[in-house]
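Heads up: the sequence lines are chains W and L, in that order.
So the first sequence is numbered by my numbering: it starts at 21 and just counts up by one.
So the second sequence is numbered by my numbering: it starts at 21 and just counts up by one.
Number of protein chains: 2
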Amino acid sequence: MSVEGYDKHAFEPFAVTVDLAVFTIREDRLQVLLIERGEEPYRGRWALPGGFVLPRESTDDAARRELAEETGLDGSPDRFHLEQLRTYGDPDRDPRMRVVSVAYAALLSDLPEPRGGGDAVHARWFPHGDAPPLAFDHDAILSDAYERVCSKLEYTTLATVFCPERFTLGELQQIYEIVWGTGLDRPNFRRKVLATPGFVEPVEGPPRRTAGRGKPGALYRAGSAAALQPALLRPTASLSRGVRSIADGSRRVTLGVQC
Amino acid sequence: MSVEGYDKHAFEPFAVTVDLAVFTIREDRLQVLLIERGEEPYRGRWALPGGFVLPRESTDDAARRELAEETGLDGSPDRFHLEQLRTYGDPDRDPRMRVVSVAYAALLSDLPEPRGGGDAVHARWFPHGDAPPLAFDHDAILSDAYERVCSKLEYTTLATVFCPERFTLGELQQIYEIVWGTGLDRPNFRRKVLATPGFVEPVEGPPRRTAGRGKPGALYRAGSAAALQPALLRPTASLSRGVRSIADGSRRVTLGVQC
DNA sequence: CCTTCAATAGTCATCATGACTATATAGAAG
DNA sequence: CTTCTATATAGTCATGATGACTATTGAAGG
Chain W
21 MSVEGYDKHA FEPFAVTVDL AVFTIREDRL QVLLIERGEE PYRGRWALPG
71 GFVLPRESTD DAARRELAEE TGLDGSPDRF HLEQLRTYGD PDRDPRMRVV
121 SVAYAALLSD LPEPRGGGDA VHARWFPHGD APPLAFDHDA ILSDAYERVC
171 SKLEYTTLAT VFCPERFTLG ELQQIYEIVW GTGLDRPNFR RKVLATPGFV
221 EPVEGPPRRT AGRGKPGALY RAGSAAALQP ALLRPTASLS RGVRSIADGS
271 RRVTLGVQC
Chain L
21 MSVEGYDKHA FEPFAVTVDL AVFTIREDRL QVLLIERGEE PYRGRWALPG
71 GFVLPRESTD DAARRELAEE TGLDGSPDRF HLEQLRTYGD PDRDPRMRVV
121 SVAYAALLSD LPEPRGGGDA VHARWFPHGD APPLAFDHDA ILSDAYERVC
171 SKLEYTTLAT VFCPERFTLG ELQQIYEIVW GTGLDRPNFR RKVLATPGFV
221 EPVEGPPRRT AGRGKPGALY RAGSAAALQP ALLRPTASLS RGVRSIADGS
271 RRVTLGVQC
């Protein structure tokens, strides 16, 4: 990191952008916010929302700003989560110029109807899995972001940010099932959540109108704990133990650039 | 990520650099490679090695190149690990200009004597914990990198890259103890390592000269597995269960930018 | 009233693990 | 050669977490 007194403008400039993989749960599906490009290249293709980092703005601030701009949750960003994912810096990822993009993953609880950013671009939610091929390397970013979200549900209490302020354990379980795409055993899920101090806190109140049949569940709100220990692991397509360990490895662990 | 046909040189340029937290184990200590700055700002201060990303080079390539340049392991980078850590993009992290730095963590097995890069800067290994205050925000980067290494040892087989080609289980255990700064129960450690398929493979051969007393241990080499499942968790300063869960949370989990 | 479905309360076997104890073996010390 | 000591290695035992179930309760719908 030795910037040796260069003329700032002498070399080929880099642009630095942030790209956001914004997830929410709508209509019992995990959905991701995409925008339709109105410019070349990739005109008409869908892409992750994002934009330039401003000269006096941190990348985190840029991500927050873009999130607010794209989703419209400007004023009261009460229940959401935003975290840096990783940086994508291949020299050819944008055909026009050198663009290094810092990707972020965002999780939202509410379902704000997407509104276009400043420019009149289309924006809409796509169910994860139904998304069309994206512009640039955004397929890879989205894929990495999805894996991050899945694994974050395992070892943090982040699932609660997908929930409304108050929720039942059944609703919380649905979050896990929707994101992971697997079914979970209800009694075991309850046992685990309730046994983890600070995951959820019971909140007394009217048992709330039940949509369907069945006994209405007790209401909870997110607790103060951030981590789950031990983790609440995704069920594995049960293979034999040994095989499972190795298979999981390649699925879960992102090893580095090279070994 | 909409680069709207700007004049590439019209706006304030960003510089993009890579910074490396290079770890090895020397003299039974976890050590990190630092270089002494010969330029302002922070002249005379120690810093993480790193440098500019070249115009036609990916950030990963830049990290590999810097690693080779700084450590001298150009030709045969046989046993090492390099992975992206995260990106540091505060606007004031470098007083001269806007520099966004993509940080990487590197783990090396061998003990190459540090050699200065192209320019005649000093470079040396510092035991982790004995490092002086670093230039820029490198203290934060190093701290994040150390936490990453610690947690990677938990759920991957990466500890083996700190070991020589062939090693005993005792040596492997020492890696864990040195990095984590804790003691581990030897029988339990053996049981765990040997019960994880693909962690280590026995290699027949001469029991090797023993440095000290005691029975010489059997030799192993790194196996093909990358992940540990279940993880080999750091012992926690045993508190009561509930407290421990929460305390671990704040220690282990990096939540995002904001909640 | 009775069916149905979800919430809730258990049971049981298995696995992983922390905490130990015991034995074997090689080098060092005498 | 004998003894001492440190290490490797082989267990044991109790506990905790978990997957797979079964049973009971309670509300809404027919």
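Every residue, glycine too, gets a C-beta built ideally from N, C-alpha and C.
* **is_contact[S171/L, chain W] using C-beta, thresh 8 Å** => Counting from 1 along the second sequence, the entry for residue 171/L is found at position 151. No - not a single Cβ of chain W is within 8 Å of the one on S171/L.
* Asked: Is there at least one Cβ from chain L nearer than 8 Å to F34/W's Cβ?
  -> Counting from 1 along the first sequence, the entry for residue 34/W is found at position 14. Output row for F34/W: interface = yes.
* **Where E77/L meets chain W, residues with beta-carbon distance less than 8 Å** => For this step, residue 77/L is matched to residue 57 along the second sequence. Near E77/L (Cβ distances below 8 Å), the residues of chain W are P111.
* To do: Could you tell me whether the Cβ atoms of L127/L and F187/L are closer together than 8 Å?
  => Here residue 127/L refers to the residue found at position 107 of the second sequence. Here residue 187/L refers to the residue found at position 167 of the second sequence. The answer is no: Cβ separation not under 8 Å.
* Hey, quick one: how far does the alpha helix (DSSP H) through S163/L stretch, first residue to last? -> Reading the second sequence from its first residue, position 143 is the one you call residue 163/L. DSSP places S163/L in the uninterrupted alpha helix (DSSP H) bounded by 158-175.
* Residues bridged to A35/W by DSSP? -> Taking the first sequence and counting its residues from 1, the one referred to as residue 35/W is at position 15. Bridge partners of A35/W: V119/W.
* Asked: With which residues is I45/W paired in a DSSP beta bridge?
  -> The sequence position of residue 45/W within the first sequence is 25, counting from 1. The partner list for I45/W (beta bridge, DSSP) reads L50/W.
* Nearest residue (CA-CA) to D205/L, options Q194/L, A242/L, A215/L -> As a working mapping, residue 205/L is identified with position 185 in the second sequence. When each option's Cα is compared against that of D205/L, the closest is Q194/L.
* Cβ pair A155/L, R65/L closer than 8 Å -> As a working note, residue 155/L is residue 135 in the second sequence. As a working note, residue 65/L is residue 45 in the second sequence. Contact: yes.
* Proximity test, Cβ basis, 8 Å: S22/W and chain L -> One-based indexing of the first sequence puts residue 22/W at position 2. Per-residue confidence for S22/W stands at a pLDDT of 43, beneath the threshold of 50, marking its modelled position as unreliable; the derived number appears in the next sentence. Look at S22/W: its C-beta is under 8 Å from a C-beta on chain L.
* Boundaries (first-last residue) of the alpha helix (DSSP H) holding Y62/L -> Taking the second sequence and counting its residues from 1, one reaches residue 62/L at position 42. From DSSP, Y62/L is part of no alpha helix (DSSP H); its letter is neither H nor E.
* List the residues of chain W that R241/L touches, going by C-beta distances under 9 Å, in chain order. => Counting from 1 along the second sequence, the entry for residue 241/L is found at position 221. Those within 9 Å of R241/L in chain W number zero; the least Cβ separation is about 14 Å.
* Buried or exposed: where does D157/W fall if 16 or more other Cβ atoms within 10 Å of its Cβ makes it buried? -> Numbered from 1 along the first sequence, position 137 holds the residue referred to as residue 157/W. Result: buried.
* Run of the alpha helix (DSSP H) containing V199/W, from where it starts to where it stops -> Counting from one through the first sequence, the residue named residue 199/W turns up at place 179. Element bounds for V199/W: 189-200.
* **Reference D130/W; option with closest CA among P217/W, L162/W, D48/W, R57/W** => Mapped onto the first sequence, residue 130/W falls at position 110. Taking the Cα of D130/W as reference, the smallest distance to any Cα among P217/W, L162/W, D48/W, R57/W is reached at D48/W.
* At least one CB of chain L closer than 8 Å to the CB of T107/W: is that the case? -> In the first sequence, the residue the question calls residue 107/W occupies position 87. It does; some Cβ of chain L falls within 8 Å.
* Asked: Name the DSSP bridge partner or partners of E224/W?
  -> The count along the first sequence starts at 1 and reaches residue 224/W at position 204. Under DSSP, E224/W takes part in no beta bridge, so it has no partner.
* **In DSSP terms, what G70/W is bridged to** => For the purposes of this step, residue 70/W is identified with residue 50 of the first sequence, where counting begins at 1. DSSP lists D39/W as partners of G70/W.
* Under 8 Å from the C-beta of R168/L: neighbouring residues of chain W -> Numbered from 1 along the second sequence, position 148 holds the residue referred to as residue 168/L. Result: empty, since nearest Cβ-Cβ is about 10 Å, beyond 8 Å.
* Assuming V169/W and V199/W make a contact with CB atoms under 8 Å, what is their CB distance in whole Å? -> One-based indexing of the first sequence puts residue 169/W at position 149. One-based indexing of the first sequence puts residue 199/W at position 179. Confirmed, about 6 Å.
* Kindly say whether R118/W, judged by its beta-carbon, lies nearer than 8 Å to any beta-carbon of chain L. => The sequence position of residue 118/W within the first sequence is 98, counting from 1. So, interface residue.
* Asked: Which word fits E32/W, buried or exposed, when buried means at least 16 other C-beta atoms lie within 10 angstroms of its C-beta?
  -> As a first step, residue 32/W is located in the first sequence; it is residue number 12 there, counting from the start. Exposed.
* Amino acids of chain W, ordered along the chain, whose beta-carbon sits closer than 8 Å to that of V122/L -> Taking the second sequence and counting its residues from 1, one reaches residue 122/L at position 102. Contacts between V122/L and chain W, judged by CB atoms closer than 8 Å, involve T107, G109, V120 in chain order.
* Please decide whether V199/W counts as near chain L, where near means a Cβ-Cβ distance under 8 Å. => In the first sequence, counting from the first residue as 1, residue 199/W sits at position 179. At a cut-off of 8 Å, the C-beta of V199/W has no neighbouring C-beta in chain L.
* To do: Output the boundary residues of the beta strand (DSSP E) element that contains P147/W.
  => For the purposes of this step, residue 147/W is identified with residue 127 of the first sequence, where counting begins at 1. Its beta strand (DSSP E) spans residues 143-147.
* For L214/L, name the three-state secondary structure that DSSP assigns. => Along the second sequence, read from residue 1 onward, the residue named residue 214/L stands at position 194. L214/L: helix per DSSP, three-state reduction.
* Asked: Using a C-beta to C-beta distance shorter than 8 Å, which residues of chain L count as neighbours of V52/W?
  -> Within the first sequence, numbered from 1, the residue matching residue 52/W stands at position 32. Per Cβ cutoff of 8 Å: no residues; V52/W is ~15 Å from chain L at best.
* Which of the residues in the region 59-93 of chain W, read from start to end, lie with their CB under 9 Å from any CB of chain L? -> Against chain L - using a Cβ distance shorter than 9 Å - the residues of the region 59-93 of chain W are E59, E60, A67, L68, P69, G70, G71, F72, V73, L74, P75, R76, E77, S78, T79, D80, D81, A82, A83, R84.
* **Where the beta strand (DSSP E) containing L105/W begins and where it ends** => The residue labelled residue 105/W in the question sits at position 85 within the first sequence. Per DSSP, L105/W is one residue of the beta strand (DSSP E) stretching across 100-108.
* Of the listed residues Y166/W, R106/W, P115/W, nearest to P61/W (C-alpha basis) -> The residue you call residue 61/W lines up with position 41 of the first sequence. The candidate whose alpha carbon is nearest that of P61/W is P115/W.
* Asked: CA-CA distance, F72/W and D39/W?
  -> Taking the first residue of the first sequence as 1, we reach residue 72/W at position 52. Taking the first residue of the first sequence as 1, we reach residue 39/W at position 19. Within the model, the alpha-carbon separation for F72/W versus D39/W is close to 9 Å.
* To do: For the alpha helix (DSSP H) containing R84/W, list its first residue and its last residue.
  => By 1-based counting over the first sequence, the position of residue 84/W is 64. Taken as a continuous stretch (DSSP letters only), the alpha helix (DSSP H) holding R84/W covers 79-91.
* **Bridge partners - L128/W, DSSP secondary structure assignment** => Numbered from its first residue, the first sequence carries residue 128/W at position 108. Per DSSP, the beta bridge partners of L128/W are F100/W.
* **Rounded C-alpha distance that separates F43/L from A83/L** => Locating residue 43/L in the second sequence gives position 23, counting from the first residue. Locating residue 83/L in the second sequence gives position 63, counting from the first residue. Rounded to whole angstroms, F43/L to A83/L spans 14 Å at the Cα level.
* Asked: How would you label A215/W, buried or exposed, when you count the other beta carbons within 10 angstroms and need 16 or more for buried?
  -> Here residue 215/W is taken as the residue at index 195 of the first sequence, counted from 1. With fewer than 16 other Cβ atoms within 10 Å, it is exposed.
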